[in-house]
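Residues in the sequence shown are numbered consecutively from 141, following this note's numbering.
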Amino acid sequence: MIDFHLEPRSGVAPYMQLVHQVQQALRLGMLDVGDQLPTVKQVVAKIAINPNTVLKAYRELERQGLVAPQPGRGTFVTATLADDTLDAHAELKTALQAWITRAREAGLDDAAIQALFDTTIRKAPQVTP
141 MIDFHLEPRS
151 GVAPYMQLVH
161 QVQQALRLGM
171 LDVGDQLPTV
181 KQVVAKIAIN
191 PNTVLKAYRE
201 LERQGLVAPQ
211 PGRGTFVTAT
221 LADDTLDAHA
231 ELKTALQAWI
241 TRAREAGLDD
251 AAIQALFDTT
261 IRKAPQVTP
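Here's what the structure looks like:
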């Protein structure tokens with residue numbers, strides 16, 4: 141099950157943070173078709189968020205065709221965003237974790253690491269598979 145969190149200083153609306161987290165989990169194979177999302181009540185208890193915000197996020201995911209509510213049962217994943225690059229994720233994740241460790245050892249905080257990553261990814265050449 142997905143473990144939601146909010147970044148209050150991100151500038152992204154809380155409902156969109158939840159939407160993005162589900163999209164990422166689907167893209168990374170952490171959620172699959174048939175998996176149940178946490179109930180609104182569970183999310184509210186975990187991250188102290190307005191229930192209407194959670195409902196708005198779930199409605200947006202439903203609009204995108206990624207989840208569907210089942211009355212009395214909950215909200216379930218109906219589509220995935222994972223593709224055939226999923227097999228490469230484990231090795232790349234290990235390499236990225238090692239890079240993050242080196243960056244922290246060099247004195248960079250999370251904001252600096254994020255800034256470095258964001259600017260580098262924007263400038264990296266696109267590779268067509």
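Yeah, the Cβ is synthetic: ideal placement off N, Cα and C, and Gly gets one too.
{"Query": "DSSP three-state label for A264, please.", "Result": "coil"}
{"Query": "Residues in its own chain within less than 6 Å of D224 by CB, not counting five upstream and five downstream?", "Result": "none"}
{"Query": "Span of the alpha helix (DSSP H) holding Q161?", "Result": "P154 to R167"}
{"Query": "How is P191 classed by DSSP in three states: helix, strand or coil?", "Result": "helix"}
{"Query": "Is it buried or exposed for P154, if we count other Cβ within 10 angstroms and need 16 for buried?", "Result": "buried"}
{"Query": "Would Q157 be called buried (16 or more neighbouring beta carbons within 10 Å of its own) or exposed?", "Result": "buried"}
{"Query": "DSSP puts T218 in a beta bridge; with which residues?", "Result": "Looking at the DSSP assignment, T218 forms no beta bridge with any residue, so it has no partner."}
{"Query": "Decide if A197 is buried, meaning its Cβ has at least 16 other Cβ atoms within 10 Å, or exposed.", "Result": "buried"}
{"Query": "Take V217 and list the residues in its own chain whose beta-carbon comes closer than 6 Å to its own, dropping the five residues that flank it on each side.", "Result": "L171, V173, D175 and V207"}
{"Query": "Can you tell me which of the three DSSP states Q182 falls into?", "Result": "helix"}
{"Query": "Do L221 and L166 count as a contact pair if the criterion is CB distance below 7 Å?", "Result": "yes"}
{"Query": "For A243, report the span of its alpha helix (DSSP H) as first-last.", "Result": "H229 to E245"}
{"Query": "Pull up the CB-CB distance for A219 and G205, whole angstroms please, since I reckon it's below 8 Å.", "Result": "6 Å"}
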